[in-house]
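Mapped onto my numbering, the consecutive letters of the sequence shown carry residue numbers 367 to 908.
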Amino acid sequence: GAGGGGGGGGRGLGLYVGKNASVEQSEPRNMGEEYRLIEPTLGRQKMLGDIPLENRFYRSVDSRQTGTATYPHLVENSFLTALNHPLSTFSIDVDTASYANVRRFLTSGQLPPHDAVRLEEMVNYFKYNYPQPRGEDPFAANIEIAGCPWNAEHRLVRIGLKGREIAQDKRPPSNFVFLIDVSGSMQPPERLPLIKQALRQLVKKMTENDRVAIVVYASDAGIKLESTSCAQKEKILQAIDELGAGGSTAGAAGIQAAYEVAQENFIKGGVNRVLLCTDGDFNVGMTDQSQLVKMIQEKAKNGVSLTTLGVGTDNYKDALMQKLADKGNGNYAYLDSLEEAQKVLIDQMSGTLVTIAKDVKIQVEFNPAQVGAYRLIGYEKRMLRKEDFNNDAKDAGEIGAGHTVTALYEIVPVGGEIRGGSVDDLKYQHPAEEKPERYVSDGSRELLTLKLRYKQPDGDKSRLLEFPVTDNGRRFANASTDFKFAAAVAEFGMLLRDSEFAGNSSYGAVLELAGEAKGTDAEGYRSEFLTLVKTAQRLAGK
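Shown next, in the form of C-alpha cells:
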C-alpha cells in the first residue's frame, strides 16, 4: 500500500507522488501524524499512475482520527513578504461544513482531526452585521483593520462581503432535484432519517412556483418522484416518507439521472439545482472520478448547480463532498442535527439555494512600504494564481442571497519579525531588505488595495471592483464586535489544528474574547460556540 511512517506516538512520514507516479517518503511531518494515500472514492484503479493527481486524496491519520472518514490534507498558508509576493489571490468560499463537523466531534467527546478544521468555514459559519449593498452590485465590501489578538506586534485585516438579501416572496421560481443516497450505509438515524426530516421542512416552505423531483440511488439509480409542483406538497411529502435504505452505492449513475431530470425541467431565469444528500461513501459507479467532475462542471456551465448535504460519522467522505460542490458551482453543508438542517435549508434558504453572484474572486495587493509580510488565514483549498484573477474562464466561488463572507489576513508591519521559520542567506542575491530598489515607493500610506471580480449568475464577463485601504492604527480593544468574534473563531480553529501560527492563543483567551463579542445573539449560535470552546479546553486538558 501507500501507507508509511510511524503510528502511535512516533513521528509520521509525509507522502507525496512524483511525476512517474511513484510514492516516496518526504521529510517527517508533525509528531504523531502520518498521511496515507487512499484510493479514489469512486471505483478502484489498478495502478497509482492511473489516478489523476487531482483525484488523489490523502487521509490525515493522527491520534484524533477514527474510522475511515477522509479529509483532504491542508498545509496552512505561511507568511509571505509583500516585497516578493505583493499579490494574494483566492476564490471566496461560503461552505460551512467544517464547523458543523467539528461541533459533532466535540459534542461526542472527541477533538477533531486536524484536517477536519478549515478556518474559513469556521469563521463563515456565523452571520456578521455587514452593511447591505446600496448600488447595482449584488454584494458590498467592508474592510476593518485592528491589532491582532494572538500577536500584539501584528495587525489583523478583516475583509467582509455581504450579499443582497432577497425576501422569501421575491425568491425566483425553483427547479429542485433531491438526489438521495438510500444505500445500506445510510440506515442510521443521523443519516437517511435526518435527511428525510430536513427535506420535509424544506418542502413545507416552498411555494407553487417551485418544483421538486426525487432521484434515489443504491445498487441502481431511479426516479422516485417526477418533477412535481409544490402545489402538490402532500404528494412530495409522501414520496419522502417512503424512502428506505439498503444496497450498495451507485452514486455516479444517480447524479447522471438527477441532472437529466433537472435539465428536462429547466426554468430559465429561475433556480435550477441538484441537492445531493449522502455520506459520500460512493463505492460503485464511474471508475474514473475525473469523468464525474467533468460532467458536473459542464452542467454548472449550463445553469444547473449542485449543493451537497453531508451526513454520517465514521465513514464520512468530506473530501469528495467538498470537491463536488466546488465543481458544481454550489455550496457544501454538513448536517449533524435537525437544528443544523433548519439553519441551512430554512433560516438561510435563499443564501443556500439562490445564487446572486458567481465566480467571485479576491485579489489583494499589499504595499511593501507598509507591509513587511502577510498571511491569509484559511482558504488553502481556494488559492488561485495571480493570473487567474483576470481570467474569466477560471472558475471560482458563488455568493448566495444574504450570505456574508469573511476573510482574515495577519499582517507583519515593515521591520517586524516574521515568525514561523527562517532560511539560510541566499548565495546568488542579496536579501530583499538590502535592495529597496526592487520597488519604487510612491509615498502612499495605503496598506493594501482590495480588488474583487464577479459575474452575474447568468453572465460570462466579470465586473471589477476596487477598494484602497489605509490602516488608521486602531487598537484591538476598539474594534467592532463582529471583528472580535471572527478573530476569536479563527483563533479557536488554530488551536484545534495545533497551528504553528497560533502565537499567544489559548482557549481561555478565546473564551474571554468571544464572550465579550457575543452581542445580542438572537439565534444562540455564538453562545453555542462558547460551549464548544469550553468542551475543547477540557478535552485538550488546557
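Positions of the beta carbon are idealized from the N, C-alpha and C atoms, including for glycine.
Inter-residue Cα distance where the pair is I602 and K590
For this step, residue 602 is matched to residue 236 along the sequence shown. For this step, residue 590 is matched to residue 224 along the sequence shown. For I602 and K590, the distance between alpha carbons rounds to 10 Å.
Tell me which residue opens and which closes the beta strand (DSSP E) that L449 is part of.
The residue you call residue 449 lines up with position 83 of the sequence shown. Taken as a continuous stretch (DSSP letters only), L449 belongs to no beta strand (DSSP E), as it is neither H nor E.
For a quick check, are the C-beta atoms of V876 and E857 less than 8 Å apart?
Position 510 of the sequence shown, counted from the first residue, corresponds to residue 876. Position 491 of the sequence shown, counted from the first residue, corresponds to residue 857. Yes. Within cutoff.
Cβ shell of K908 (< 6 Å), same chain only, five flanking positions each side left out
Here residue 908 refers to the residue found at position 542 of the sequence shown. If we look at K908 and ignore the five residues flanking it on each side, its Cβ neighbours are Y873.
Ranges of the alpha helix (DSSP H) found wholly within the stretch 660-693, counting only runs of at least 4:
The stretch 660-693 contains these whole alpha helix (DSSP H) runs: 684-693.
Does the Cβ-Cβ distance between F842 and L816 come in under 8 Å?
Residue numbering aside, residue 842 sits at position 476 when the sequence shown is read from its first letter. Residue numbering aside, residue 816 sits at position 450 when the sequence shown is read from its first letter. No, they are not a contact pair.
Helix, strand or coil, according to DSSP, for N733 in the structure here?
Here residue 733 refers to the residue found at position 367 of the sequence shown. It is coil, neither helix nor strand.
Return the chain-ordered list of same chain residues with a C-beta closer than 7 Å to the C-beta of D848, the five sequence neighbours on each side being excluded.
The count along the sequence shown starts at 1 and reaches residue 848 at position 482. Closer than 7 Å at Cβ, skipping near neighbours: Y494, N495.
Reference N443, options S865, T897, E882, G890, closest by Cα
Position 77 of the sequence shown holds residue 443. Among S865, T897, E882, G890, the Cα nearest to that of N443 belongs to S865.
Using only the heavy atoms of the ligand ZN, determine whether one of them is closer than 7 Å to the beta carbon of D702.
This structure simply doesn't include the ligand ZN, nor any ligand for that matter.
Hey, how far is the Cα of Y891 from the Cα of P823?
Taking the first residue of the sequence shown as position 1, residue 891 is located at position 525. Taking the first residue of the sequence shown as position 1, residue 823 is located at position 457. Using only the alpha carbons, I get a separation of about 30 Å.
Below 8 Å between beta carbons: does that hold for A852 and T772?
As a first step, residue 852 is located in the sequence shown; it is residue number 486 there, counting from the start. As a first step, residue 772 is located in the sequence shown; it is residue number 406 there, counting from the start. Yes, the pair counts as a contact, with Cβ atoms nearer than the cut-off.
Can you give the Cα-Cα distance for L711 and L558, rounded to whole angstroms?
Counting from one through the sequence shown, the residue named residue 711 turns up at place 345. Counting from one through the sequence shown, the residue named residue 558 turns up at place 192. Going from the Cα of L711 to the Cα of L558 covers about 16 Å.
Give the DSSP-derived three-state secondary structure of V460 in the structure shown.
To locate residue 460, count along the sequence shown from 1; it is residue 94. Here V460 sits in coil by DSSP.
Look up E502 in the DSSP assignment and say whether it is helix, strand or coil.
Numbered from its first residue, the sequence shown carries residue 502 at position 136. Per DSSP, reduced to three states, the secondary structure at E502 is coil, with no helix or strand assignment.
Quick check: what's the CA-CA separation for P479 versus R863?
Looking up residue 479 in the sequence shown gives position 113. Looking up residue 863 in the sequence shown gives position 497. Each residue's CA atom was taken as its position, placing P479 and R863 some 8 Å apart.
Is D680 near T436, with beta carbons less than 8 Å apart?
Your numbering for residue 680 matches position 314 in the sequence shown. Your numbering for residue 436 matches position 70 in the sequence shown. Cβ distance not < 8 Å, so D680 and T436 don't count as in contact.
Residues near A737 by beta carbon distance below 8 Å, same chain, minus five either side
Against the sequence shown, residue 737 aligns to sequence position 371. Looking at the sequence shown, residue 737 is not Ala but Val. Within the same chain, V737 has close Cβ partners A448, I777, V778, P779, V780, L813, L814.
The beta strand (DSSP E) with P834 in it runs from where to where?
Reading the sequence shown from its first residue, position 468 is the one you call residue 834. Unbroken beta strand (DSSP E) run through P834: 829-836.
To the nearest angstrom, how far is it from the Cα of N575 to the Cα of M715?
Counting from one through the sequence shown, the residue named residue 575 turns up at place 209. Counting from one through the sequence shown, the residue named residue 715 turns up at place 349. Taking the straight line joining both Cα atoms gives about 15 Å.
Go through its chain and collect everything with a Cβ distance to A611's Cβ below 7 Å, but skip five positions before and after it.
The count along the sequence shown starts at 1 and reaches residue 611 at position 245. Cβ within range, chain order: V548, S549, G550, M552, Q553, L558.
In this structure, what does DSSP give as the bridge partners for F542?
Mapped onto the sequence shown, residue 542 falls at position 176. In DSSP, F542 forms a bridge with V578, R639.
Nearest-angstrom Cα distance between E630 and M687?
Numbered from its first residue, the sequence shown carries residue 630 at position 264. Numbered from its first residue, the sequence shown carries residue 687 at position 321. Rounded to whole angstroms, E630 to M687 spans 25 Å at the Cα level.
State yes or no: is the C-beta of V581 within less than 8 Å of the C-beta of G620?
Within the sequence shown, numbered from 1, the residue matching residue 581 stands at position 215. Within the sequence shown, numbered from 1, the residue matching residue 620 stands at position 254. Between V581 and G620, the C-beta gap is smaller than 8 Å, which places the two residues in contact.
Identity of the residues DSSP links to R819 by a beta bridge:
Here residue 819 refers to the residue found at position 453 of the sequence shown. Its beta-bridge partners are K727, L830.
Short of 7 Å in beta carbon distance, which residues of its chain neighbour S846, apart from the five on each side in sequence? Order them along the chain.
The residue labelled residue 846 in the question sits at position 480 within the sequence shown. Excluding positions up to five away in sequence, the list reads E510.
Going by the CB atoms, is the gap between T462 and A699 shorter than 8 Å?
Indexing the sequence shown from 1 puts residue 699 at position 333. Indexing the sequence shown from 1 puts residue 462 at position 96. Less than 8 Å divides the Cβ of A699 from the Cβ of T462.
Could I get the ranges of all uninterrupted beta strand (DSSP E) runs contained in the stretch 506-560, with 3 residues as the minimum, in chain order?
517-529, 540-547
Would you identify the three-state DSSP class for E894, choosing helix, strand or coil?
By one-based count along the sequence shown, residue 894 stands at place 528. In this structure, E894 counts as helix in the three-state DSSP scheme.
Grab me the residues of P538's own chain with a C-beta within less than 6 Å of its C-beta, minus the 5 sequence neighbours each way, in chain order.
To locate residue 538, count along the sequence shown from 1; it is residue 172. The answer, listed in chain order, is G636, V637.
Less than 8 Å between the beta carbons of P515 and N508, yes or no?
Here residue 515 corresponds to residue number 149 of the sequence shown, with the count starting at 1. Here residue 508 corresponds to residue number 142 of the sequence shown, with the count starting at 1. Taking 8 Å as the Cβ cut-off, P515 and N508 do not qualify as a contacting pair.
Using the Cα positions of T407 and N838, report the straight-line distance between them to the nearest angstrom.
One-based indexing of the sequence shown puts residue 407 at position 41. One-based indexing of the sequence shown puts residue 838 at position 472. Note that T407 scores 36 on pLDDT, short of 50, meaning its location in the model is unreliable; the coordinates nonetheless yield the value given after this. Distance between the alpha carbons of T407 and N838 is about 50 Å.
Local conformation of K599 per DSSP, three classes:
By one-based count along the sequence shown, residue 599 stands at place 233. Helix.
When burial is assigned at 16 or more other CB atoms within 10 Å of the CB, is T886 buried or exposed?
For the purposes of this step, residue 886 is taken as residue 520 along the sequence shown, with counting starting at 1. Label assigned to T886: exposed.
In whole angstroms, give me the CA-to-CA distance for D713 and V835.
Stepping through the sequence shown from its first residue, residue 713 is reached at position 347. Stepping through the sequence shown from its first residue, residue 835 is reached at position 469. Roughly 34 Å between the two C-alpha positions.
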